[in-house]
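Q: Position one of the sequence shown corresponds to residue 6 (our numbering), numbered consecutively onward.
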Amino acid sequence: MQTPLHARHLALGGKLVPFAGWEMPLHYGSQVEEHHAVRRHWGVFDVSHMTVVDVEGDAASAYLRQLLANDVARLDAPGRALYSCMLNADGGILDDLIVYLRGPGRYRIVVNAATRDQDLAWMEARAADFAVEVTERIDLAMLAVQGPEAAARLPGLLPDALRAPVAALPPFHAAEGSGLFVGRTGYTGEDGFELLLPGTDASALWDALIEAGARPCGLGARDTLRLEAGMNLYGTDMDAATTPLESGLGWTVAWEPAARDFIGRAALTAQRADPQRPRFVGLVLRQGGVLRNGTEVRLADGRRGRVTSGSFSPTLGLSIALARLPAGDERTAEAILRGKPHPVEVVKPPFVRHGQACIAA
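Okay, structure coming up:
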């Protein structure tokens with residue numbers, strides 16, 4: 006499949022690669038330069054491969070309070086948003102997502118492209134017991150405008166009625182009007198926005214952003230940016246066989262009120278009491294190679310864990326990773342690279358946030 010911006014990516018020299026059934030730009034010449042542009046200035050990503058789902062109806066809130074581990078009752082005004090996991094009965098993560106409250110009984114959810122089919126099937130099956138409609142919005146495109154200059158530059162490119170509301174948006178809030186839906190959210194660890202708009206209008210906004218100085222960025226930079234920010238990637242750092250409690254996402258589970266029986270709650274409650282549950286950590290390798298997905302990690306007592314996401318950090322100039330390790334409080338470990346042990350530091354993510362290092366030099 007191709008996004009509405011496919012021709013624009015070709016014209017800009019984008020290296021297109023298959024991703025979750027879509028033909029997407031990996032980079033436009035230099036992944037590292039695109040990464041730095043977002044950390045230091047601003048960039049724009051085509052993320053139209055993401056799946057947008059509208060949930061509407063009198064029972065929409067009750068439905069989502071059962072479906073999601075976080076609690077949409079926390080969304081106390083239109084425009085508020087929250088991050089959540091959608092779980093199976095065993096507490097495994099079917100997907101992570103953002104849900105926005107648009108008005109009474111009206112929600113918008115953005116889920117991952119790679120899990121589209123299973124997510125829609127799961128959501129529709131659970132909806133059978135509620136007075137709700139679940140509608141995939143295939144007509145919409147999605148752009149992510151990210152970087153420290155995004156807040157100053159984006160509003161001026163929007164319709165007059167949206168300029169002031171978007172400029173005043175706090176994080177995890179959204180404004181909509183004139184055919185645009187704009188959330189102050191992102192996947193880079195920088196300030197920024199994610200915009201939903203009709204696919205037929207996407208090229209004009211993309212062109213305006215590029216003309217205003219936003220650097221076009223591909224999936225490669227998006228991945229190193231999110232890794233530096235300590236943000237999980239579905240299918241790599243978490244999946245249906247792992248729970249939020251062993252994926253560094255315990256903070257997304259709303260335990261109160263205790264009477265809310267969300268899917269997976271019983272399994273999470275049992276795991277919550279287990280002192281031996283795995284922990285999710287960051288790793289820093291200061292020399293000797295690059296941590297990669299799947300790299301084995303050994304603790305001093307011989308217990309083993311594994312890197313879930315690893316790469317070179319362009320901002321820090323060294324290798325970093327997210328990893329799942331056995332329970333404990335060890336602050337050092339060894340990563341096995343090409344059969345040889347390399348010392349790594351065990352840290353708490355993120356590694357970089359808002360352009361600044363979060364780990365010791």
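All residues carry an ideal CB built from backbone N, CA and C; glycine is no exception.
Source: prediction; values computed, not measured.
Who are Arg79's beta bridge partners in DSSP?
A: DSSP, once it has assigned bridges, lists no residue as partnering Arg79.
Q: On a CA-only basis, which of Arg142, Thr193, Arg284 is nearest Leu202? Give me that one, please.
A: Residue Arg142 is the option with its Cα nearest to Leu202.
Q: Between which two residues does the beta strand (DSSP E) containing Ala179 stretch?
A: 179-182 is the span of the beta strand (DSSP E), which, as asked, contains Ala179.
Q: At what residues does the beta strand (DSSP E) containing Met147 begin and finish?
A: Its beta strand (DSSP E) spans residues 145-151.
Q: Tell me which same chain residues have a C-beta within less than 7 Å of the C-beta of Pro322, skipping the five on either side of it?
A: Correcting the residue type first, residue 322 is Gly in the shown sequence and not Pro. There are no such residues.
Q: Three-state secondary structure (DSSP) at His315?
A: What sits at residue 315 in the sequence shown is Gly, not His. Strand.
Q: Would you kindly report the start and end of the unbroken beta strand (DSSP E) that includes Pro23?
A: Note, Pro23: beta strand (DSSP E), 20-24.
Q: Verify whether the separation of the beta carbon atoms of Ala367 and Val139 is less than 7 Å.
A: With the chain covering only 6 through 366, there is no way to say anything about residue 367.
Q: What are the start and end residues of each continuous alpha helix (DSSP H) run of 4 or more residues lying completely inside the region 21-74, in chain order?
A: If we require 4 residues or more, the alpha helix (DSSP H) runs fully inside the region 21-74 come out as 36-45, 65-72.
Q: Put Asp100 into one of helix, strand or coil per three-state DSSP.
A: Note: Asp100 maps to strand in three-state DSSP.
Q: For my contact list, Ser183 and Asp242 are in at a C-beta cut-off of 8 Å; report their separation, rounded to the angstrom.
A: Contact flag wrong, Cβ pair sits at about 37 Å.
Q: Would you call the region 54-61 and the region 82-95 touching, i.e. three or more CB-CB distances under 8 Å?
A: The region 54-61 is not in contact with the region 82-95.
Q: What would DSSP say about Thr140, mapped onto helix, strand or coil?
A: Strand.
Q: Going by the beta-carbon positions, is the gap between Leu273 and Gly96 smaller than 7 Å?
A: Cβ atoms of Leu273 and Gly96: closer than 7 Å.
Q: Quick one: grab the DSSP three-state call for Ser324.
A: Ser324: strand per DSSP, three-state reduction.
Q: Whole angstroms are fine: how far does the CA of Glu199 sit from the CA of Ala366?
A: The alpha-carbon atoms of Ala366 and Glu199 are separated by roughly 32 Å.
Q: Would Trp211 be called buried (16 or more neighbouring beta carbons within 10 Å of its own) or exposed?
A: Counting Cβ neighbours within 10 Å, Trp211 comes out buried, since at least 16 surround it.
Q: Which residue from Ala275, Val258, Ala149, Trp256 puts its Cα closest to that of Val52?
A: For the residues Ala275, Val258, Ala149, Trp256, the minimum Cα distance to Val52 belongs to Ala149.
Q: Relative to the C-alpha of Arg158, which residue among Gly34, His46, Pro355 is closest?
A: Checked all of Gly34, His46, Pro355; the closest Cα to Arg158 is His46.
Q: Gly240 and Phe285: beta carbons closer than 7 Å?
A: Contact: no.
Q: Can you tell which of Ala126, Ala332, Leu21, Gln36 has the C-alpha that lies nearest to the C-alpha of Arg220?
A: Cα-wise, what sits closest to Arg220 is Gln36.
Q: Would you report the Cα separation of Arg297 and Arg168, rounded to the nearest angstrom?
A: Cα to Cα, the separation comes out at about 42 Å.
Q: Can you have a look at His11 and say buried or exposed, based on whether 16 or more other CB atoms are within 10 angstroms of its CB?
A: It is buried - the Cβ of His11 has at least 16 other Cβ atoms within 10 Å.
Q: For Ala133, which residues from the same chain have a beta carbon less than 7 Å from its beta carbon, with the 5 sequence-adjacent residues on both sides left out?
A: If we look at Ala133 and ignore the five residues flanking it on each side, it has no Cβ neighbours.
Q: Taking contact to mean 3 or more Cβ pairs, one atom from each stretch, closer than 8 Å, check whether the region 92-112 and the region 172-189 are in contact.
A: Result yes; three or more Cβ-Cβ pairs closer than 8 Å.
Q: Quick one: using the 10 Å Cβ neighbour count with 16 as the cut-off for buried, is Asp144 buried or exposed?
A: By the neighbour-count rule (16 or more Cβ atoms within 10 Å), Asp144 is not buried but exposed.
Q: I'd like to know if the region 113-133 and the region 257-264 are in contact, where contact means that at least 3 CB-CB pairs between them fall below 8 Å.
A: In short, these stretches do not touch, since the Cβ pair count stays below three.
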